[in-house]
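Note that my numbering gives residue 293 to position 160 of the first sequence, counting from 1, and the numbers run on in steps of one. Ideal Cβ placement from N, Cα and C applies to all residues, glycine included.
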Amino acid sequence: MKALYTYFIENISADIRGSLLSGQSFRWNYYQDSEQKYFGVIGDDLFILENNEDDWYTVTTTKKFSCDEEFHEFIGFYFSLDINPDDLFPAGFSEQYPGIWRLIKPYLGIKVLRQNAFETLVTFMCAQGLGMNIIRRQISYLTREYGKEHTVDIAGKPFTYNSFPSPETLAGIAPDSLQLCTNNNCIRATNIIKAAYSVATGQLDLEDLQDPDMPLETSRERLSAHSGIGNKIADCVLLFGLHRFSAFPIDTHVRQYLATWFSIDKALQSLTQKNYLFLQEEVSRILNPEFAGFAGHILFHSWRKEVKHLTSF
DNA sequence: CTCCAGGACACTT
DNA sequence: AAGTGTCATGGA
């Protein structure tokens, strides 16, 4: 049974809810159905974030920090607080696209989380061609089935949660077993097991890919060399799991907003390799290339919420 | 029954 | 190299 520790976040300038529940992680949820309280797992630790007032949060966690400073460093890293929000969109963006700016303004506090690379890799391999709700369910199955279980005493009641399964664990299971966690898709289960094996054996070194000095194209090629990983999933892993904020994944929603908001007609044509790269090139002229993916995630979420009115997260 | 969901890949030109 | 069709599965 793990112990709990309490820390405080004071005056944080970030949209915590939006960051946790905008489809970049599927490991966070409302706690006890409270809109002000979120819980999730980072590594082997449970985190419960409770919004007190405005930008103040109480954090209850199984992770013991040696001091307050270490806690804030951890939070700052996870929520990318080191990234200046003013750098995300180029100067003049709000004047050039006032209509879009009005829609995304409530979401400018959303941060791209610095998540674990392997988790992100598996998560987005699962996500292919599925809706958010189903993805969430699959990841939940996956962690419950193969992740190490922990129990913690919360107000006298035992609360269980699971770590994300390790590469070694996933590498060693049978496809027809994992299939339950991949919407009964055996091909996808096989691909995930292969990728996990590749990570477990060191053939795919995710630490390497995290190196900011490695060209983005090289990182992407290393990832998409694996079956089941194309441009889009590779870019998602780069952005959400390898902390490469320039990586700009293009999916069905992104295509829609590129066409509607930025009048890029080619966004609606078939997404061939050439067209995919062309669209990224176009985007690099609209957004700040260094943070294209970061800004793109804000646009993505705004589009889903404000235009499509989707409630899944 | 049709269409959609944070696509990938083999197979023609 | 580039474009086109196919695959896969559950949910609305």
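For residue j and residue i, the rounded distance between their alpha carbons
{"i": "Ala322", "j": "Gly374", "result": "20 angstroms"}
{"i": "Asp188", "j": "Glu143", "result": "7 angstroms"}
{"i": "Pro291", "j": "Gly151", "result": "28 angstroms"}
{"i": "Tyr409", "j": "Ala288", "result": "51 angstroms"}
{"i": "Asp368", "j": "Met258", "result": "12 angstroms"}
{"i": "Thr393", "j": "Leu263", "result": "23 angstroms"}
{"i": "Ser357", "j": "Gly363", "result": "5 angstroms"}
{"i": "Val416", "j": "Arg353", "result": "18 angstroms"}
{"i": "Ala328", "j": "Ile181", "result": "31 angstroms"}
{"i": "Gln157", "j": "Ser310", "result": "26 angstroms"}
For residue i, three-class secondary structure by DSSP
{"i": "His283", "result": "strand"}
{"i": "Asn266", "result": "helix"}
{"i": "Asn144", "result": "coil"}
{"i": "Gln229", "result": "helix"}
{"i": "Gly361", "result": "coil"}
{"i": "Asp215", "result": "coil"}
Residues that residue i bridges to, as DSSP identifies them
{"i": "Thr194", "result": "Tyr138, Phe180"}
{"i": "Trp189", "result": "Glu186"}
{"i": "Lys290", "result": "Ile287"}
{"i": "Asn295", "result": "Glu282"}
Segment limits, beta strand (DSSP E) that includes residue i
{"i": "Tyr240", "result": "No beta strand (DSSP E) holds Tyr240; DSSP gives it neither H nor E."}
{"i": "Pro308", "result": "Here Pro308 belongs to no beta strand (DSSP E); instead the alpha helix (DSSP H) covers 308 to 311."}
{"i": "Asn162", "result": "161 to 164"}
Span of the alpha helix (DSSP H) around residue i
{"i": "Gln169", "result": "No alpha helix (DSSP H) contains Gln169, which is instead part of the beta strand (DSSP E) from 167 to 175."}
{"i": "Trp394", "result": "385 to 395"}
{"i": "Asn316", "result": "First-last for Asn316: undefined, no H or E at that position."}
{"i": "Gln413", "result": "406 to 419"}
{"i": "Val440", "result": "Premise fails: Val440 is in no alpha helix (DSSP H) and is neither H nor E."}
{"i": "Leu254", "result": "250 to 259"}
Please list the segments of the beta strand (DSSP E) lying wholly inside the region 320 to 344, counting only runs of 3 or more residues, in order along the chain. DSSP runs (the beta strand (DSSP E)) wholly in the region 320 to 344: none.
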